[in-house]
Amino acid sequence: MARAKKSADPLETYNAKRDFKKTPEPSGEAQSSDSGNLFIVQKHDATRLHWDLRLEADGVLKSWAVTKGPSPDPDIKRLAVRTEDHPMSYAEFEGTIPKGEYGGGTVMLWDRGTWAPIEGKSAKDLEKGHLHFTLEGERMKGEWLLIRLKKKPGEKRENWLLRKLQDDHAEEGDALVERELTSVLTGRSMAEIAADKKGEFSLEGKKGDAFLEQMEKASDRNAKKAKSRKRGSAPLPKFRKPQLATLVDEVPTGNGWMHEIKFDGYRAVLAVKGDDVRVYTRSGKDWTDKFEPLAETLAALDLPSCLIDGEIVATDAKGNPDFSTLQQVLKRGHGSQTKADRLEYHAFDLIELDGEDLADLPNIERKERLEALLSSAQPPIFVADHVIGAGEKLYDTMCDAGQEGIIAKRIDAPYRHSRSKSWVKVKCTRRQEFVIVGWKKSSAKGRPFSSLLMAQHEDGELVYKGNVGTGFTMDDLESLASKMNRLERKTPPVETDKASARGVTWLTPKLVAEVAFAEFTADGNVRHGSFLGLREDKDAAKVTPEKPASAPKEGGEGVKISSRDRVVFPESGQTKGELADYYAAVAPLMLPFVGRRPVSLVRCPQGRSRKCFFQKHDSGSFGDSVHHVPIKEKDGGSEDYLYVEDARGLLQCVQMGTIEFHGWGARTSDVEAPDKMIFDLDPDEGLDFGDVKQAASDIKARLSDIGLVSFAMLSGGKGVHVIVPLETGHSWEAHKDFARRFAEALSLAEPDRFTATMSKAKRKGKIFIDWLRNQRGSTAVVPYSARARTGAPVAVPIAWDELKKMQDAKPFSIDDADKLHERAQDKALSGWGFAAQTLPDV
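Heads up: the sequence shown at position 6 corresponds to 6 in the UniProt record's numbering, and the numbers run straight through without jumps.
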């Protein structure tokens, strides 16, 4: 904090409001920072939780208190109340202002960086009541706007609006305050700062009042989501062969498939741990140096150990992925950082995470975990979008845009390190790889060759596939001629007729070209071929013809549903067949949460109004896709528990009269390793749903105080589940103990609102925080499960902002499968239910 400025004291108001013998806040004089354009944001839990935006100007920090925090959504305008100027020394203040003092409460340094007015503007614009500026912070980036509102009669405070402007850093909703819960200075949560802990917030061993005392040191009005990821000890992953897609001639149909754009670029498997990044081709070549800017961008995300599958692309003038453009960028080298030369990485699968092999998880769950892992990524790093069902529509859109085609993936399939029919590709035009085996001389001046002779391997031998004479740029001609000069040979590596061999310079078959063509002729040659580029990532010895297979059929059809017309929900009339159709439709959405977990089924063979019962064991009568996992019981014996892993398994359960699916808080791979905590809010009869919504929001805030991100789910009954995903590594005993102490602390803090006791007598006028679902063997209804209740309602994931608008906990039924699919693809639910976080201090 360098040079003192000589001026009238702009900090007179700041100093007058504070007793520096009592507050740890710094006093100070006007001075400039070394950069002269510092900005900070402090999260401040005073009378009301707010975020203080401070911009350096005239030797002080001009300040605004932003209610609800800065939003990266251009459609959301936030009230920003102008406050007194602060000294530059305040830029690193973090701590607790004592109660009773001005601004009493916890202060976190939430963001910091530099700011600048846009070109042609200056800080003097503040006097005019507006400021258009850019931020380059650790969290807030891009263009922003401050506008002063006209004062109302009698209004003393100076109100402004803070708004994000549309750019590459814009996001929907409150993504910033939801996911960023820790200090950029010390890495502490609000609770750790309040407890004056140097990065360690411990609830271990504390019960009742002691637990509550720790909790109350944090804000009871903190903001929304995501704990800073704790780096695990897993090493940088090794390369693993990527899964390859089978070429088919039509788009597979049904909701058992997720569809993605087929990117026109280089396949790349990324091994990442912190700032250590390796970029591998699909054959395992280390090309990190070729894609250095992307590797640096990935390193800046500070990810845990992970292995990501995706595609590196460059875009043409229209913004579409284009292989020829990619080749041109690579020829120029990565030294150029122009927008035209920017490479993008589109991630579409997550194979390993922090030492855990995810390959056996369903496609859709791996994608959800990938979205959660890269939730803070900015361009040029993207998570590839997908749609479930509606593949034909996406295919037509891609073809109309001149793109290569689509990839369709079975939503419930594991990752296989080979070519598989669970991934299929449908191309808009025929494109294949060929080995260059020769060239013919050109009669045109300055053109080194007229055409290339192409071949592919069939039954272990190279087979001639015709010539390609178009699609070459001048750079292509020169580059190819140079490469081919080094590969010339006297004898042909393939058999051809005399006419085709006339005037050919033969080559050792090492170069691989990608070629677009209209069709194969009757004699097997390409027709109307056009050169697209060399494939340096492909091995010439492995180039074979791609022949379309039949498109796979929709899964689940093999399960015969008997008595489809039997009415299961007599009040609203839905049948067993309609229930089965619902589960077939939502299986892609449901399997990430129910797949490979021990389950208890609510079976109602005669319909929901007759006798229903729980079932968690099976003698083998359900079907071949309803599996068993042996689990030790308290008496030392072992019982086989049910689990499913695909849509077929769900439907076989429905065929046996199942309506509801309730899952364990652990996977079948390790039933002693809990991975999610659930607080089921069960209101007394006299309370309305508004009380439940407020309770859920308050519990979310308390969890946020200790650095835990949580998600809301409407139960399909009368309550809300607050769900906390966790990484494994703690015991069931610790899991249950934390949940109990958390619920007890809340009930002690507000005994008129909450109870942690199951007793109906003690629940009068209160909400029971059901923590008992967090013990070994207990289950909770899974997302998208139907409920055996009037109207056939379903349990539904919901964004926190959506919860405020809900009138009850059962707005959707089994009739709403299409709506649920549409909702699930909204950005507000992206990554719902997944977060990399550990149980505090276990």
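Note that the Cβ used here is the ideal one computed from N, Cα and C, for glycine as well.
Comparing alpha-carbon positions, the option among A799, F754, P811 lying closest to K718 turns out to be P811.
E404 sits close to K262, with the two beta carbons spaced by under 8 Å. According to the DSSP assignment, V602 belongs to no alpha helix (DSSP H) but to the beta strand (DSSP E) extending over 599-603. In the structure shown, I798 adopts extended strand secondary structure according to DSSP, grouped into three states. Residue pairing for M190: DSSP places it in no beta bridge. In the displayed model, I723 falls within a strand according to three-state DSSP.
Cβ contact annotation for K736 (same chain, cutoff 6 Å, sequence separation greater than five): N774, Q775, in chain order.
For S479, the enclosing alpha helix (DSSP H) stretches over residues 474-485. For K425, the uninterrupted beta strand (DSSP E) segment begins and ends at 419-427.
Note on the segment 381-464: whole alpha helix (DSSP H) runs with a minimum of 4 residues are 391-400, in chain order.
Look at T325 here: in three-state DSSP terms it is helix. Ranked by Cα distance from P592, the first of P117, L370, D9, E296 is L370. Under the three-state reduction of DSSP, V494 is assigned to coil, being neither helix nor strand. With contacts defined as CB atoms closer than 8 Å, V526 and V435 fail to qualify as a contacting pair. Boundaries of the beta strand (DSSP E) around G274: 266-274. Looking at the DSSP output, N159 sits in a beta bridge with V81. Annotated as distal: A65 and V41, with beta-carbon spacing of 8 Å or more.
Within the model, the alpha-carbon separation for D52 versus A701 is close to 19 Å. The Cβ atoms of D85 and Y14 sit closer than 8 Å to each other.
Judged by DSSP secondary structure, K43 falls within the beta strand (DSSP E) whose first and last residues are 38-45. In this chain, the alpha helix (DSSP H) harbouring G649 covers 647-655. The three-state secondary structure of D770, taken from DSSP, is strand. In the DSSP annotation of this structure, the continuous segment of the alpha helix (DSSP H) that includes S747 starts and ends at 732-749.
Residue range 576-594 is occupied by the alpha helix (DSSP H) that includes A580, with no beta strand (DSSP E) assigned at that position. Between the C-alpha atoms of D680 and M713 there is a straight-line separation of about 9 Å. Looking at the DSSP output, T67 shares a beta bridge with H50.
With respect to the 8 Å criterion, D45 and G105 are classified as neighbours on the basis of their beta carbons.
About 13 Å separates the CB atoms of A792 and Y784; that is not less than 8 Å, and the two are not in contact.
A check of alpha carbon separations from D34 across K43, I76, G113 identifies G113 as the nearest. With contacts defined by Cβ atoms closer than 8 Å, L829 and H730 do not form a contacting pair. The Cβ atoms of R366 and Y415 lie closer than 8 Å to each other.
K560 counts as exposed, since fewer than 16 other C-beta atoms from the protein chains shown sit within 10 angstroms of its C-beta. Between the C-alpha atoms of F742 and K676 there is a straight-line separation of about 15 Å.
Within the segment 128-179, the runs of alpha helix (DSSP H) that reach at least 4 residues and sit entirely inside it are, in chain order, 175-179. Excluding its 5 nearest sequence neighbours in each direction, M656 has C-beta neighbours in its own chain below 6 Å: F622, listed in chain order. Residue pairing from DSSP places N467 in a beta bridge opposite L453.
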